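Protein chains in written order, with the working numbering: chain A, 5 to 367; chain B, 5 to 367; chain C, 5 to 367. Each residue gets a CB set at the ideal place from its N, CA and C atoms; glycine is no exception. It should be emphasised that the depicted structure is a prediction, and the values quoted were computed from it without experimental measurement. Everything on this sheet refers to the single structure shown next.
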Amino acid sequence: MTVTIAELAAALSAEAAGNVELAVARPAPPDSAGPDDIVVAMLPKYARKLADCRARAAILWPGADYAALGFEAAIFPERPRLAMAGLTAAFDAGPDIPLGIHPLSDVAADAVLGAAVAIGPFVSIGPGARIGDGARLLGHVSIGAGAEIGDEALIHPGVRIGARVRIGRRAIIHANAVIGADGFSFVTAERGAVEQARESGRLDTETRTDRYLRIASLGSVAIGDDVEIGAGSCIDRGTIADTVIGSGTKIDNLVQIGHNVVIGSTCLICGHVGIAGSAEIGERVVLGGKVGVSDHIRIGSDVVVAGGSLVGANVPSGSVMMGVPALRKDKAAELLLLGRRLPSLFADVETLKKRVSNSSGSG
Amino acid sequence: MTVTIAELAAALSAEAAGNVELAVARPAPPDSAGPDDIVVAMLPKYARKLADCRARAAILWPGADYAALGFEAAIFPERPRLAMAGLTAAFDAGPDIPLGIHPLSDVAADAVLGAAVAIGPFVSIGPGARIGDGARLLGHVSIGAGAEIGDEALIHPGVRIGARVRIGRRAIIHANAVIGADGFSFVTAERGAVEQARESGRLDTETRTDRYLRIASLGSVAIGDDVEIGAGSCIDRGTIADTVIGSGTKIDNLVQIGHNVVIGSTCLICGHVGIAGSAEIGERVVLGGKVGVSDHIRIGSDVVVAGGSLVGANVPSGSVMMGVPALRKDKAAELLLLGRRLPSLFADVETLKKRVSNSSGSG
Amino acid sequence: MTVTIAELAAALSAEAAGNVELAVARPAPPDSAGPDDIVVAMLPKYARKLADCRARAAILWPGADYAALGFEAAIFPERPRLAMAGLTAAFDAGPDIPLGIHPLSDVAADAVLGAAVAIGPFVSIGPGARIGDGARLLGHVSIGAGAEIGDEALIHPGVRIGARVRIGRRAIIHANAVIGADGFSFVTAERGAVEQARESGRLDTETRTDRYLRIASLGSVAIGDDVEIGAGSCIDRGTIADTVIGSGTKIDNLVQIGHNVVIGSTCLICGHVGIAGSAEIGERVVLGGKVGVSDHIRIGSDVVVAGGSLVGANVPSGSVMMGVPALRKDKAAELLLLGRRLPSLFADVETLKKRVSNSSGSG
């Protein structure tokens, strides 16, 4: 598979120069690019890395002198990250899986498979499940009874989709993710320590819990269109309503999303984020890596939470949050800076104590 | 499957009123309940959500005027969360898996299967393993050589049970959990930086580690009765003794439990908790989401640790802990509040410095 | 399988005493050791636990009076942790998997399998993949197209290896790990809030993101020799270059390693660590449990980061870091101690305010 510089420039809506009929096989970084590659160096600071580059074509910053840098042709995108989307899409062959149903799979007789599906080896599809047109299940996938997978979805190996889970069109679910396990929801026959704390605001550890009763998860998980879910991530089913993930939301690896959580559309949820049960998150929210959100918290829309923060109180729309516990970012940054000045503050107070003591003594 | 209001009220030990012979198909939240559902609204604040509700039956707060709210029948439980346990249990059909051994499974000739087991597709059961009466292995499960699964256990798809692991009765293990991987335990031939730090309390990074030797895991994992383990969670085997999880303990998703850890009975371990090697945790302990426990730490019984805390020192029984690093909750809360008042403290000290300087200068 | 005391002492390069021809079946802790076991008690503080021990042989601290403690034979290693490596290796039988290819597996016709491989049940090996001599794939493993697995590698059940991933010799990959999922990399067609923050240092939430474009992952993952990767851990593939894990590096469970990350050799990465995209980590680095590393950060060599820390800025070689955000450990420890003295500081300032106010008032 090769692409010409002219084709690639058109795909990136970017200007090209030089021998635009040159065909390239793949993008590559400066240190490993070969003569068939197009080297990617979209910032001037990478110029000196290009000295010994063997590639004949390059993707460079606007205004770069490609000929002086030794290239036969070049493309000059305006926005590097946006160009990376077009560039990688142009060369992404996607997974290699033949259409049809692998003989070593187990598809329930009443499962409904769409047109042009690809079902890999060791895939299990339960009774009444529906697989959309063009959906691809790469191998070792479990689809529970009555689950629905949207058209053109791509399900990577080892993914577990529980019963009645609904996943929209063009979803990409990465390896070993689990959608639709039971929620983590227990109650004690007598009022327990945690339950009292929840109701009274105080924790009373004198209340001994001898046994937990299980609250079963009758709800399911409803996932919109164009959602991506990372490897090993877990989204639990709801108790009586569904756990909901809005369209266009992207979830990274090893993320935990508890029962009854509702996440709006077009959010970015980074790796190791944990969202506890019944939290509600608006639209266009970005949660940095390892963010924790407590149960029943409401986060508005257009919120950004810095990585590692713990959100333990409701957050209004438009907020930028940071810290443990999370505060508005400007407040958190101020406190952080003051905290680092504690040594001089303690010293100042010691000096003041001596001087006041002296002046009193001499008064 | 339908249940009458009378049956449901009996199951919840709650009072009922109205047409108690009315049969309902499932519980539902106010905004999606249909005419066959029983709507769940156990707090007065949900009353206005019931205005357009199409359900004919409801589970309401004690004293609610069901008829005025438009229902034919209602149940009035005293404790909402406890009622949720009974309610969801009444409608939980459980996973749909036929008894017997799926033809696309691989069961060792000398494995011992109990009565009425259900072994799903693509399940692998190793030599000498024992599966208890009524146990269900839903699909894609691996059971290592010599492992023992208790009666009535429910093992969801993709779970990996290592060799010689023992799991008690009625365990529920959610999808893609891993019980019995090797512990993370290495040593350098020469004394390494971390080992010196462990012994001397100081870290010495001048000690270069060229190679790690592996400490193998000869122990196993012993899990009591009525334990639930969440999706994607990992419990490593012990070095020479077993890693132990006490009966009735519930573990959420993506939890990491290191080698040699001993956890007592009836604990709640929330999502993303990490417990490092050889830590010991008592009974009835609650660890909130994302709590970290350092290696070799001892936590007593009846302890509650708030979400996001890092426990780096032993914790006596009956403690409530919070923070990074975790302190007693009242102390942690006091420090947190004072920390937020740092701006005024810095301002006060600046004022004092000027006044003392002036008074000295004028003295 | 039994080992004599003489053989074991030679394997540990340690002195032995007593009946060194005594054969032992396995090591055991004091409370559960039987007559065929060798009890492990390498520190004098364990002496009283040996009172009722039924074992006839022991591994004791140097100088211990084994006969007085009731043993027929004993070994006296100098370094307990190092002895554990030799001891557990001597008794580690490893997984029980027959050589050859299980009939319930799916191996592409053009995959290249080395000599003496063991391919377990429900293993899928894609087109063009290469499996090294003596490699063992225990069951339920996916190997993507063109992937390469080194000689003597041990791949536990449920591991997912993506297309073109390269794994070195003697690697140990634990159950349900995912190597080579796509990176988490998105861009908005218009400049989005996060991108602006990245470029300007400020977050502007007025920029509404309506849709994310995907940056595909054309790179792969390159893993050196003697690497161990824990259960459930995820290592994403690079964008155009590879994500790289150096030889001898050991990674614990549920670790997340983002796209384009480069980790040097002989590092220890503990449980729940998250390393965001394009971070670079040197050699012999130790990251404690739950450490987070922000994207594009550079950490030098011979660095130790305490558990739970968040690394948000570059770290020079030889540093010991701690805290949220991580600071040099001595600085972080000083600030932590001062933070705990805030109550007395606030009290001191109140006292000073009153005294200065009084002295001004009386002046």
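Taking a Cβ-Cβ threshold of 9 Å, the residues of chain B close to C:R344 are L331, K335, L339, in chain order. When secondary structure is reduced to three states using DSSP, A:I101 falls in the coil class, being assigned neither helix nor strand. Under the 7 Å criterion on CB atoms, A:L291 is classed as non-interfacial with respect to chain B.
Rounded to the nearest angstrom, the Cβ distance from B:A185 to B:E82 is 44 Å, too far for a contact under 8 Å.
For C:M88, the enclosing alpha helix (DSSP H) begins and ends at 84-95. Interface flag for B:G236 against chain A is set, since a Cβ pair is found closer than 7 Å.
Every beta strand (DSSP E) of 3 residues or more that sits fully in the segment 29-76 of chain B is shown, in chain order, as 30-32, 41-45, 61-64.
Taking C-beta atoms as the reference points, C:R288 and C:S313 fail to come closer than 7 Å. Shown in chain order are the members of the segment 158-175 of chain A whose Cβ falls below 8 Å from a Cβ of chain B: G162, R164, G166, A167. Between B:G150 and B:G132 the beta-carbon gap is near 4 Å, inside 8 Å, which marks them as a contact. Taking CB atoms only, A:N264 has no neighbour in chain B less than 7 Å away. Cβ-Cβ distances below 6 Å link B:I9 to A20, V24, L26, A61, A77 in the same chain, with the five nearest sequence neighbours on each side left out; the list follows chain order.
When the Cα atoms are used, A:V145 and A:L108 turn out to be separated by approximately 12 Å. Contact annotation: in the segment 83-96 of chain C, residues whose CB is within less than 7 Å of a CB in chain B are R85, L86, M88, A89, T92, A93, F95, D96. Contacts with chain C at 7 Å (Cβ-Cβ) do not include B:Y50. The alpha-carbon separation between B:D69 and B:T92 amounts to approximately 24 Å. 7 Å or more divides the Cβ of A:D256 from the Cβ of A:A226. Around the Cβ of B:D56, a 10 Å sphere holds fewer than 16 other Cβ atoms; the residue is exposed. Ranked by Cα distance from B:Y50, the first of B:L86, B:L73, B:D40, B:R30 is B:L73. Under the three-state reduction of DSSP output, B:G278 falls in the strand class.
For A:G281 and B:I273, the gap between their C-alpha atoms comes out near 14 Å. Here C:G143 really is in contact with C:G124; their C-beta atoms are around 3 Å apart, less than 8 Å.
Annotation for C:D110: S128 place their beta carbon closer than 6 Å to its own, counting only its chain and skipping 5 residues before and after. Around the Cβ of B:M5, a 10 Å sphere holds fewer than 16 other Cβ atoms; the residue is exposed. Your pair A:G148 and A:G136 does not check out as a contact, with CB atoms roughly 16 Å apart and the cut at 8 Å. Taking 8 Å as the cut-off between beta carbons, the residues of the segment 178-190 of chain A near chain C are H178, A179, N180, in sequence order. Counting only runs that start and end inside the segment 234-302 of chain B, the beta strand (DSSP E) elements of at least 3 residues fall at 238-240, 247-249. Taking 7 Å as the threshold, the shortest C-beta distance from A:T270 to chain C falls below it. DSSP places B:A181 outside both helix and strand once states are collapsed to three, so it counts as coil.
Under the Cβ distance rule, B:F350 does not count among the residues neighbouring chain C, no pair being separated by less than 7 Å. No Cβ-Cβ contact shorter than 7 Å links C:A37 with C:A71.
Residues of chain C with a Cβ closer than 7 Å to the Cβ of B:D214 are, in chain order, T270. For the segment 115-132 of chain B, the residues whose beta carbon sits under 8 Å from a beta carbon of chain C are, in order, F126, S128, G130, P131. No Cβ of chain B is located within less than 7 Å of the beta carbon of C:P39. Taking the Cα positions, B:G187 is about 23 Å away from A:G275. Shown here, A:V308 sits in a strand according to DSSP, grouped into three states.
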